[in-house]
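K.L.:
First the structure, then my questions, so here it is.
Number of protein chains: 2
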Amino acid sequence: MRKLDKSAGKRGFGEPVLTRQRKVVLDVVQSGDTHPTAGEVFAAARKMMPAISFATVYNSLRYLKQAGLVREVAFGNGASRYDRETDRHDHAICSECGTLVDFDLPGTVELIRAAARASRFKAESIHLTLVGLCPQCRAPK
Amino acid sequence: MRKLDKSAGKRGFGEPVLTRQRKVVLDVVQSGDTHPTAGEVFAAARKMMPAISFATVYNSLRYLKQAGLVREVAFGNGASRYDRETDRHDHAICSECGTLVDFDLPGTVELIRAAARASRFKAESIHLTLVGLCPQCRAPK
DNA sequence: CTATAAATTTAGAATTAGTATAATTCTAAC
DNA sequence: GTTAGAATTATACTAATTCTAAATTTATAG
Chain A
1 MRKLDKSAGK RGFGEPVLTR QRKVVLDVVQ SGDTHPTAGE VFAAARKMMP
51 AISFATVYNS LRYLKQAGLV REVAFGNGAS RYDRETDRHD HAICSECGTL
101 VDFDLPGTVE LIRAAARASR FKAESIHLTL VGLCPQCRAP K
Chain B
1 MRKLDKSAGK RGFGEPVLTR QRKVVLDVVQ SGDTHPTAGE VFAAARKMMP
51 AISFATVYNS LRYLKQAGLV REVAFGNGAS RYDRETDRHD HAICSECGTL
101 VDFDLPGTVE LIRAAARASR FKAESIHLTL VGLCPQCRAP K
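Protein chains in written order, with the working numbering: chain A, 1 to 141; chain B, 1 to 141.
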């Protein structure tokens, strides 16, 4: 009786696993500093696995999100973007060119506590987004 | 020669103004504590102005947003929601029931400064969203 | 007063994003 | 090899939002 392991390619009975397609989707999101949309993830995933379908990319992103492996970043415009989930971090969006970058804010443990207190919610996570001008756009050239 | 004033209903040459339709949309967003979607705003606006079109609601929301009178709140799921822009404040979303509430976090002036420093962006605004369990959902009843 | 110009509104088409469905495929357990 | 259950695929569908072109509105210029 073989023990179930969670490596890529194993499916079937029991708990859900990191399948080949999910692995591909995860690799796409984790490689590179971009924050791709689902459509961009699909295009990149196709290069590694031409048969993968659009629906699977969405399903995989949802799975990876709830598994805590990727994060969804949504702002009002267009499509959601996906970000590798390494450590807790924050986002800055350029109001001029739309660039999205990660940054780390110290003292977020205290921040999350303060936010929980102010909102009376039991905090699970906190997301901080700064809107402003990126270094490129703030320097008129 | 009459001087242009910016009261509702005046259009034409020169700068854009708060038209009647935009005023209706603004009123809808400002009345009530809900955070309506564009569709909900449309439904409510229709009661005040039956001829208003869907596109105008979207256009108005975009205008009001960039004018700083309403705020768009987007999370990954479904439609964007709109919030009156009174003072700077933050949002908490219940991961269980989807409730969205406003709350105020003290010390955000320093926070925005720290975020600008960490991101190297010129800050315009900062948005903090807490995901967690609302008071109702955290109390199993 | 009349003509003009610029922005806005309207209605509906078009686009985009994301979800649902049903059939098929895959893999581990037996 | 058969079976069971989850995952994948392809496609259809729904919902959200933007675009387009024509008509409207109204402040200014003539």
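By construction, the Cβ of each residue, glycine as well, lies at the ideal position given by its N, Cα and C atoms.
Mind reading off the beta-carbon distance from residue 38/A to residue 57/A? Whole number of angstroms is fine, and I expect it under 8 Å.
P.N.:
6 Å
K.L.:
If we ignore side chains and look at the alpha-carbon of each, how far apart do residue 45/A and residue 78/A end up?
P.N.:
21 Å
K.L.:
Apply the 10 Å Cβ neighbour rule to residue 43/A and answer buried if 16 or more other Cβ atoms are within range, or exposed otherwise.
P.N.:
exposed
K.L.:
Could you check whether residue 129/B and residue 127/A sit closer than 8 Å to each other, using their CB atoms as the reference points?
P.N.:
yes
K.L.:
Specify whether the region 17-26 of chain A and the region 59-71 of chain A touch according to this definition: at least 3 beta carbon pairs, one from each stretch, less than 8 Å apart.
P.N.:
yes
K.L.:
If I measure Cβ to Cβ from residue 95/A and keep anything under 6 Å in the same chain, skipping five residues before and after, which residues do I get?
P.N.:
131
K.L.:
Since residue 119/B is in the alpha helix (DSSP H), which residue starts that stretch and which ends it?
P.N.:
108-119
K.L.:
For residue 97/A, would you say it is in contact with chain B, using Cβ-to-Cβ distances shorter than 8 Å as the test?
P.N.:
no
K.L.:
Does residue 125/A pass the burial test, meaning 16 or more other C-beta atoms within 10 Å, or should it be called exposed?
P.N.:
exposed
K.L.:
What three-state label does DSSP hand residue 19/B in the structure shown?
P.N.:
Here residue 19/B sits in coil by DSSP.
K.L.:
Which chain A residues sit within Cβ distance under 9 Å of residue 69/B?
P.N.:
Result: empty, since nearest Cβ-Cβ is about 15 Å, beyond 9 Å.
K.L.:
Report yes if the C-beta distance between residue 111/A and residue 90/A is below 8 Å; otherwise report no.
P.N.:
no
K.L.:
Runs of 4 residues minimum, wholly inside the region 32-111 of chain A: which ones carry the alpha helix (DSSP H) assignment?
P.N.:
38-48, 54-66
K.L.:
Where do the N-terminal and C-terminal ends of the beta strand (DSSP E) with residue 123/A fall, by residue?
P.N.:
122-133
K.L.:
Find out if the Cβ-Cβ distance for the pair residue 71/B, residue 87/B is shorter than 8 Å.
P.N.:
no
K.L.:
Within 10 angstroms of its Cβ, does residue 54/B collect 16 or more other Cβ (buried), or is it exposed?
P.N.:
exposed
K.L.:
So if I threshold CB-CB distances at 8 Å, which residues from the region 102-126 of chain B count as touching chain A?
P.N.:
103, 104, 105, 106, 107, 111, 112, 114, 115, 116, 118, 119, 120, 121, 122, 123, 124, 125, 126
K.L.:
Could you tell me if residue 138/A is buried or exposed, where buried requires 16 or more neighbouring beta carbons within 10 angstroms of its beta carbon?
P.N.:
exposed
K.L.:
Determine, for residue 138/A, whether the minimum Cβ-Cβ distance to residues of chain B falls below 8 Å.
P.N.:
yes
K.L.:
Using CA coordinates, which residue listed in 134/A, 117/A, 115/A, 113/A is at the minimum distance from residue 121/B?
P.N.:
134/A
K.L.:
Given this structure, state the Cα-to-Cα distance separating residue 113/A from residue 123/A, to the nearest angstrom.
P.N.:
8 Å
K.L.:
Output, in chain order, the set of chain B residues within a Cβ distance shorter than 9 Å of residue 54/A.
P.N.:
Per Cβ cutoff of 9 Å: no residues; residue 54/A is ~17 Å from chain B at best.
K.L.:
Nearest-angstrom Cα distance between residue 7/B and residue 31/B?
P.N.:
At residue 7/B, the pLDDT of 37 sits below 50, so the modelled position is not reliable and the matter cannot be decided from this model.
K.L.:
Can you list the residues of chain B that residue 133/A reaches, using a CB-CB cut of under 9 Å?
P.N.:
Those within 9 Å of residue 133/A in chain B are 121, 122, 123, 124.
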